[in-house]
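Number of protein chains: 2
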Amino acid sequence: MRRKTFFLVVVAIVVGVVAYKAASGQTDGEAAPIYGIKIPPGYRDWRMISIAHVGEPVNDLRVKLGNDLAIKAYREGTPFPDGAIIARLAYKAVTSEENNKVFRVAAEKQGLTPNQIEKLLAGSFVAGPATNVQFMVKDLRKYASTGGWGFAEFADGKPSGEAVHKTCFVCHAPAKARDFVFTRDSP
Amino acid sequence: MRRKTFFLVVVAIVVGVVAYKAASGQTDGEAAPIYGIKIPPGYRDWRMISIAHVGEPVNDLRVKLGNDLAIKAYREGTPFPDGAIIARLAYKAVTSEENNKVFRVAAEKQGLTPNQIEKLLAGSFVAGPATNVQFMVKDLRKYASTGGWGFAEFADGKPSGEAVHKTCFVCHAPAKARDFVFTRDSP
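The structure is reproduced here in structure tokens:
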């Protein structure tokens, strides 16, 4: 009977921990320094806010996704509430020979000059390998000294170092008028 | 009593039509020519497949979203089933002075040369106004003559003309080995 009780207690603890993790939105991965943020589970399935391209030498294509609280705030034009998270997924911008072959044929049909076609192809990129993922997590009390936002960056599931995380808020400070968020949502 | 019966019949018809529209995934908008596809309701909330940038003179940033059937096929590496829809949302690629100001400061801190910085900023774009939205709808029987896919393009909610829709399958034909879909899904 004692062993059975012990077993039930263990099961209860395991169930409790799993439930807590699910409720707190925490995964098992390592937390990023300074803000202590872990990779939010399921972020890859979040809805799209907008997209961008950053030039050489960064040369990445990036998409911003938002959890339900972030998307709701964007669409209703209301302040980001605690719990809102914006994810920035970045991918190496790479040339797709396959796409460019099709673009070339289409461009020739449309009467573009060879120079125009070269420019079109040179400026065309698809998303290649992922470079890193960043998160902005709203928590007014926890992150009071950084505008109510915590920041985190992960590459290949591992958090970047402290030096990187010291730069996040400095760069976002100029967007204070829009709650430190640069990205506007796309239609 | 007759009038009451008539009223009930009208109500039943209205309810039936609304239910049919919801079930068939059709909106009230105008159908695009040739394939007869309407804008699928809720597509803006679909999950992200990947992103890309097409160079001048098109110069757009584009994101591919997929409905649940399309995302499932991508992730499991299984054939796209009937009902799978891929959406391509395109936005004018525009320069963000606000972003570039921040990029310039960060680039200077990182020791990039003025030439490198100009190149970085000249190649950096955010998504501006929407240009148009395209859909690929899988239906093996209905679209048997075009690889099992129907195609549609809308700008500002209105379908593009027949001439545009005649070009869709021609361009997608080279991707036959991957069921006429060019875009690979991003991690």
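Going down the list, the protein sequences come from chains A and B. Read left to right, the first sequence gives residues 82 to 268 (our numbering). Read left to right, the second sequence gives residues 82 to 268 (our numbering). Glycine residues also receive a C-beta, built at the ideal position from the N, C-alpha and C atoms.
Residue j beta carbon less than 8 Å from that of residue i
i        : j        : result
B:Tyr33  : B:Gly209 : A query on residue 33 of chain B cannot be resolved here, the shown segment of chain B reaching from 82 to 268 and no further.
A:Leu146 : A:Ala211 : no
B:Phe263 : B:Ala254 : no
B:Pro114 : A:Leu201 : no
A:Phe161 : A:Ala154 : yes
B:Met217 : A:Met129 : no
A:Ala151 : B:Val207 : no
A:Val183 : B:Cys252 : yes
A:Glu234 : A:Ser226 : no
B:Val144 : A:Val144 : yes
Per-residue DSSP class, three states only, for residue i
i        : result
B:Ser267 : coil
B:Val245 : helix
B:Val262 : coil
B:Pro255 : helix
B:Asp126 : helix
Selection from the options that minimises the alpha carbon distance to residue i
i        : options                                : result
A:Asn148 : A:Asp141, A:Leu142, A:Gly164, A:Glu189 : A:Gly164
A:Gln215 : A:Phe206, A:Ala225, A:Arg222, A:Lys239 : A:Lys239
A:Asp260 : A:Gly229, A:Ser177, A:Thr248           : A:Gly229
B:Asp266 : B:Glu157, B:Lys257, B:Ser226           : B:Glu157
A:Asp237 : A:His134, A:Glu178, A:Phe161, A:Asn213 : A:Asn213
B:Ala112 : B:Val207, B:Ala133, B:Phe232           : B:Phe232
A:Asp141 : B:Asn140, B:Val251, B:Gly204, B:Ile118 : B:Gly204
B:Ser177 : A:Val186, A:Ile198, A:Val135, A:Thr159 : A:Val135
B:Ile118 : B:Glu199, B:Lys223, B:Gln191, B:Pro268 : B:Lys223
B:Ser131 : A:Val175, A:Glu199, A:Gly110           : A:Val175
Within chain A, partners of residue i - CB distance below 9 Å
i        : result
B:Val135 : Asn180, Phe184, Leu201, Gly204, Ser205, Phe206
B:Asp126 : Arg128, Met129, Ile152
B:Pro114 : Here the premise fails: no neighbours, minimum Cβ distance about 19 Å.
B:Ala211 : Ser267, Pro268
B:Pro122 : Those do not exist, as B:Pro122 stays about 15 Å from chain A at its closest Cβ, beyond 9 Å.
Interface partners of residue i on chain B, CB under 8 Å
i        : result
A:Leu221 : Per Cβ cutoff of 8 Å: no residues; A:Leu221 is ~23 Å from chain B at best.
A:Ala187 : Thr248, Cys252
A:Ala225 : Chain B residues near A:Ala225: none, gap ~23 Å exceeds 8 Å.
A:Pro316 : Outside the modelled stretch of chain A, which goes from 82 to 268, sits residue 316 of chain A, for which no answer is possible.
Under 9 Å from the C-beta of residue i: neighbouring residues of chain B
i        : result
A:Tyr172 : Ser131, Ile132, Ser267, Pro268
Amino acids of chain A, ordered along the chain, whose beta-carbon sits closer than 8 Å to that of residue i
i        : result
B:Gln215 : Result: empty, since nearest Cβ-Cβ is about 14 Å, beyond 8 Å.
B:Val144 : Met129, Ile132, Val144
Cβ-heavy atom distance, residue i to the ligand COA, below 7 Å
i        : result
B:Gly117 : Judged by which ligands are present, the structure shown has none, so any question about the ligand COA falls away.
Neighbour list for residue i in chain A, Cβ cutoff strictly below 7 Å
i        : result
B:Phe263 : Glu179, Asn180
B:Pro240 : Near B:Pro240 there are no residues of chain A at all, since even the closest Cβ is about 17 Å away, more than 7 Å.
B:Val218 : Within 7 Å Cβ-Cβ: nothing; B:Val218 doesn't reach chain A, min ~20 Å.
Under 7 Å by beta carbon: chain B residues contacting residue i
i        : result
A:Pro160 : Per Cβ cutoff of 7 Å: no residues; A:Pro160 is ~20 Å from chain B at best.
In chain order, each beta strand (DSSP E) run of at least 3 residues that lies wholly inside the stretch 150-227 of chain B:
166-175, 206-219
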